[in-house]
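Note sheet for the following structure.
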Amino acid sequence: MQPTSRDFPANARAGLADANLQRAMALARTGFPARRAEAVARLPEFEALREAGKAIKDHTLAHLDFYLERYERAVIAQGGTVHWARDAAEARAAVLGICQAAGARTVTKGKSMIAEEVGLNAHLEAHGIVPVETDLGEYIIQLRHEPPSHIIAPAIHLMKEQVADSFRAAHTGLDPGRPLAEARAMCAEARAMLRPRFLAADVGITGANFLVAETGSSIIVTNEGNGDLTQTLPRVHIVMASIEKVVPTLEDAATLLRLLARSATGQEFSSYTTVSTGPRRPGDLDGPEQYHVVILDNGRSRLLGGEFQDMLRCLKCAACLNHCPVYTAVGGHAYGWVYPGPMGSVLTPALIGLAEAGHLPNASTLCGRCESVCPVKIPLPKMLRHWRERQFAANQAPPAARSLLSLWRFAASRPALYHRLAGAAARLLAWAGRGRGRFRSLPFAAGWTAVRDMPAPEGRTFHAQWAAGRRR
Amino acid sequence: MNGGRETILGAVRRAVRAEARTAEAEAALAARLAEHRRNLVPARAAALDAKRRLELFVAMAEAVDCTVARVATAAAVPDEIARYLAAENLPAELVVAPDPGLDAIPWAARPLLRIRRGRAEPGDAVSVTPCLAAIAETGTLMLVSGATTPTTLNFLPDTHIVVVETGQVVAAYEDGWDLLRARGEGLPRTVNFITGPSRTADIEQRVELGAHGPRRLHIVIVGDG
């Protein structure tokens, strides 16, 4: 998809002004964190599992070539095919080639962020193949021609009235007077609309939460069962995954699975965790005749061995989104590409470039909640700072910010000058703010004070008070 | 796509400095793959005896909206299923996995139950399947695909009934992997871990059951245990 990350400030303002989005985000802000906290509280070993999960991912990444080759070998031994894609175009071409070879007219899809990343649907449509999203959230946004706004709850930005409007507009064969006030009615309608699509599809495409090197298996985690119908009924099953999804053994997958659902939705375990290994076996009464894995790099191998390697541990659980004060204020579309929130602000510049996505690492208060809930302890704030440093070094920061930072550096690297300036500023602000104790507006900071007050300092700097305390 | 393979693996090898990996290190990686060492397994289920493990399984399954019935022997399964279908106002028509694991069930004792054995077809309302294991930790059923256990039975019908023997209740997912490996056949096409009926919360985070898979998941536990 065409990124709009350059427009983050305007996108964010639009999000803040969107009443429906704000109602939807208010639900997300409270719901997900509360359910995660309850699930974590029920499992005394959760902290230890985070360490274990981090260790598994670190080990795998340190030997990723070995595990990828073992994985490929195991897939082939089970009768499957592995397609390596260096970039989005190669991934799209690989999937299209498989679909065309199968004579496919319609394709059902389970939720796959990799398919979103490579812009698969538009490519299939351009070649006369109809992709049908089957995850309810993905189905809703496909009807609305919108990208997902969240990596596990793609339609989280919508209120049910908006979904009802979309269903009425799309399902024109149904009684226009039917009641669609409740989520239950809309779920039933989507189920009824999609069941024939499942049965008619020639190819089913899913993502993968894990690839298992030991067995050549792919694992998906869903609640709806749409992924299972997608990959069981058609003649061909295509898995789309990126290179860092591989783990060594089924035991390693079990450990990470214990972290995934609890971090994502606060469930003990998702309704369906499905391990797929090759095509149907001789004698099987159902299942696909072909099993393909399209494995995508798209810039990830460049992150290995560098300061962003830790990002490749990501399980795509979305806990960092759900706990982010910026994400839950502006919504996912503001980020302008496939991956929003803290994980997206680290990953997106790596995949589409800092020039396009330079706003994202700055769209954070660095409050640290994301790292504190990450199931594999990715140091997201540290990596956001890495991007800011690169941006500054590459002369990509806005001129005003550069000038101010240069001034600040000049002063901060001269302690005597810094103390004198800070002391003068503290006295001046204390004098100006006497009485009320805070400022409603400040020169040069109108953007900041437009939505909050600035507390007035008490008159002496921390250094001055510390020095005074020492003398006593 | 072969050029892609070499480019990607080459970039990964350089990044992880694979050329510096010794033969011993490579052997250690192969050993790690082969030995199936368990990582941390929560004590929640692992510390329990068989009776308490079964109780935990039932409690966890009910917490995710399964219904659970206990019967003493396989002979009582048809009665229980007939009772369940009547209580839920469902038709007395079943599609049953053609699996020897269900052979001990005397379906003929309930002649009003109409039974077809095979894979699920569109329109089938109720399926009955065995399982490989029932995992107490999270109330999870572990089902495998095979010539007598087609996967469509687990997803197409509105109602899925799973017959569990008390001896099949294990503590953790890792116990399930061991059972799978002990069959000595390698992995089947599909292993399904099923924890409650199908659900979605994609509209305003309200949980609704029966998104695309079964709306109801009924577990019949056979044995005294």
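Protein chains in written order, with the numbering used here: chain A, 11 to 482; chain B, 138 to 362. Idealized CB from N, CA, C, for every residue including glycine.
- Just so you know, the alpha carbons of residue 303 of chain B and residue 179 of chain B end up roughly 22 Å apart.
- In this structure, residue 285 of chain A lies near residue 222 of chain A, with their beta-carbon atoms less than 9 Å apart.
- Inclusion of residue 379 of chain A and residue 327 of chain A in the CB contact set at 9 Å is not warranted, their separation being larger than that value.
- By the neighbour-count criterion, in which 16 or more other beta carbons inside 10 Å mark a residue as buried, residue 220 of chain B falls on the exposed side.
- Here residue 279 of chain A is near residue 332 of chain B, since their CB atoms are less than 9 Å apart.
- Against chain A, the beta carbon of residue 255 of chain B has neighbours under 7 Å at 295, listed in chain order.
- At a cut-off of 9 Å between beta carbons, residue 153 of chain B contacts chain A.
- The straight-line gap separating the alpha-carbon atoms of residue 214 of chain A and residue 304 of chain A is approximately 13 Å.
- Residue state for residue 170 of chain A is assigned as helix, using DSSP reduced to three classes.
- Setting aside the 5 residues that flank it on each side, residue 88 of chain A is surrounded in the same chain by 226, 287, 288, each with a C-beta closer than 6 Å to its C-beta; the list follows chain order.
- Within chain A, no residue has its beta carbon less than 9 Å from that of residue 355 of chain B; the closest one is some 15 Å off.
- As the crow flies, the alpha-carbon of residue 416 of chain A is around 46 Å from that of residue 341 of chain B.
- In the assembly as shown, residue 438 of chain A is an exposed residue. Its beta-carbon has fewer than 16 other beta-carbons within 10 Å.
- Between the alpha carbons of residue 187 of chain B and residue 313 of chain B lies a gap of roughly 15 Å.
- When secondary structure is reduced to three states using DSSP, residue 464 of chain A falls in the strand class.
- Looking from the CA of residue 351 of chain B, the closest CA among A:323, A:230, A:234 belongs to A:234.
- In this chain, residue 422 of chain A is not harboured by any beta strand (DSSP E); it is covered by the alpha helix (DSSP H) spanning 409 to 422.
- At a cut-off of 9 Å, the C-beta of residue 305 of chain A has a neighbouring C-beta in chain B.
- Contact between residue 201 of chain A and residue 348 of chain B holds, since their C-beta atoms are separated by about 7 Å, short of 8 Å.
- Scanning A:389, A:419, A:463, A:388 for the CA closest to the CA of residue 402 of chain A turns up A:419.
- Note: residue 448 of chain A is bridge-paired with A:465 in the DSSP secondary-structure output.
- Look at residue 328 of chain A here: in three-state DSSP terms it is coil, with no helix or strand label.
- Excluding its 5 nearest sequence neighbours in each direction, residue 22 of chain A has C-beta neighbours in its own chain below 6 Å: 340, 344, listed in chain order.
- Residue 152 of chain A and residue 142 of chain A have their alpha carbons spaced roughly 8 Å apart.
- The closest CA to that of residue 179 of chain A, considering only A:392, A:274, A:155, is found on A:155.
- Buried is the label assigned to residue 292 of chain B, since at least 16 other Cβ atoms lie within 10 Å of its Cβ.
- Among the CB atoms of chain B, one or more fall inside 9 Å of the CB of residue 285 of chain A.
- Counting only the Cα atoms, residue 91 of chain A lies some 5 Å from residue 302 of chain A.
- Residue 369 of chain A has no beta-bridge partner at all, per DSSP.
- In the three-state reduction of the DSSP assignment, residue 94 of chain A falls in the strand class, which pools E and B.
- Listed along chain B are 340, each with a C-beta nearer than 8 Å to that of residue 173 of chain A.
- Secondary structure note for residue 254 of chain B: it is in no alpha helix (DSSP H), and the uninterrupted beta strand (DSSP E) holding it is 251 to 254.
- The CB of residue 73 of chain A comes closer than 7 Å to the CB of 153, 166 in chain B, given here in chain order.
- Among the residues of chain B, none has a CB under 7 Å from the CB of residue 81 of chain A; the nearest is roughly 10 Å distant.
- Relative to the Cα of residue 466 of chain A, the nearest Cα in the group A:442, A:231, A:224, A:16 belongs to A:442.
- DSSP lists A:118, A:247 as the bridge partner or partners of residue 214 of chain A.
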